[in-house]
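**Student:** Below is one structure. I have some questions about it.
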Amino acid sequence: MRTGNDGQPVAELRACEGGETLSGMGLASWTLDEGEAALEEASLGSIGSSSASRPAETGTDDPDEDQALKEDSGWEAWGATNHGGVVFPLFSPPPEWRVQTFGTQTLLPGRTYSLRFRVSGGYMAHAYFTADDLASLQPGQVWADDRAMSARDFGELVDDKC
10 MRTGNDGQPV
20 AELRACEGGE
30 TLSGMGLASW
40 TLDEGEAALE
50 EASLGSIGSS
60 SASRPAETGT
70 DDPDEDQALK
80 EDSGWEAWGA
90 TNHGGVVFPL
100 FSPPPEWRVQ
110 TFGTQTLLPG
120 RTYSLRFRVS
130 GGYMAHAYFT
140 ADDLASLQPG
150 QVWADDRAMS
160 ARDFGELVDD
170 KC
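Just so we're aligned, residue 10 is where the sequence shown starts under our numbering, counting upward by one.
And the structure:
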């Protein structure tokens, strides 16, 4: 994650060298309370996902879950491939992908975000951040691996992960 010339958040997703392609990506968010509730639910043996981890495509029978989905901000994208990687504004995934949005398409205060992507071959990566994390970036910095770093360090991180 980095900030674009217009000050808006930009996602930069890179697959490893050697022919790998991006095959799916998504953005979801949650508050501390929602995250704790999901962990508590999981510890009680519930099966399923937290409200912030899936799109609000059909609604639910639970009014609290419907409200959480409306307060979320994110999207799911699939169906296209990008060889090597892609760069795009955070709330505007590439148009060649099939995208389903949910909630407000802007960074919201008090929410933790997860940007994730899948690469051919089964590799999946996540970047976790808040609006404050991205606001703290200096020009030329990237948010990855839960910290601010230079673009050069980001390139080395990607190389190391591959």
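Even glycine gets a Cβ: it sits at the ideal position worked out from N, Cα and C.
1) Using the three-state DSSP reduction, which class does Glu21 fall into: helix, strand or coil?
2) Rounded to a whole number of angstroms, what is the C-alpha to C-alpha distance between Asp168 and Ala144?
3) Is the distance from the Cβ of Leu116 to the Cβ of Ala140 below 8 Å?
4) Pull up the distance between the alpha-carbon of Pro18 and that of Trp152, whole angstroms please.
5) Measuring alpha carbon to alpha carbon, tell me which of Tyr132, Met158, Asp162, Gln150 ends up nearest Thr30.
6) Are Gly35 and Ala86 touching if we call contact CB-CB under 8 Å?
7) Under 8 Å by Cβ, that's how I've got Ser176 and Thr113 pegged, so tell me the actual separation to the nearest angstrom.
8) Tell me the residue span of the alpha helix (DSSP H) that contains Arg161.
9) Select from Ala20, Gly16, Asp15 the residue whose C-alpha is nearest the C-alpha of Pro98.
10) Which of the three DSSP states, helix, strand or coil, is assigned to Glu105?
11) Can you give me the start and stop residues for the alpha helix (DSSP H) that Leu146 sits inside?
12) Mind checking Leu43: buried by the 16 CB within 10 Å criterion, or exposed?
**Tutor:** So, from the data block:
1) strand
2) 26 Å
3) yes
4) 10 Å
5) Tyr132
6) yes
7) Look at the range of the chain in this structure, 10 to 171, and you will see that residue 176 is not part of it.
8) 160 to 170
9) Ala20
10) coil
11) Careful: Leu146 lies outside any alpha helix (DSSP H) and carries neither H nor E.
12) According to the sequence shown, residue 43 is Glu rather than Leu. The residue is buried, with at least 16 neighbouring Cβ atoms inside 10 Å.
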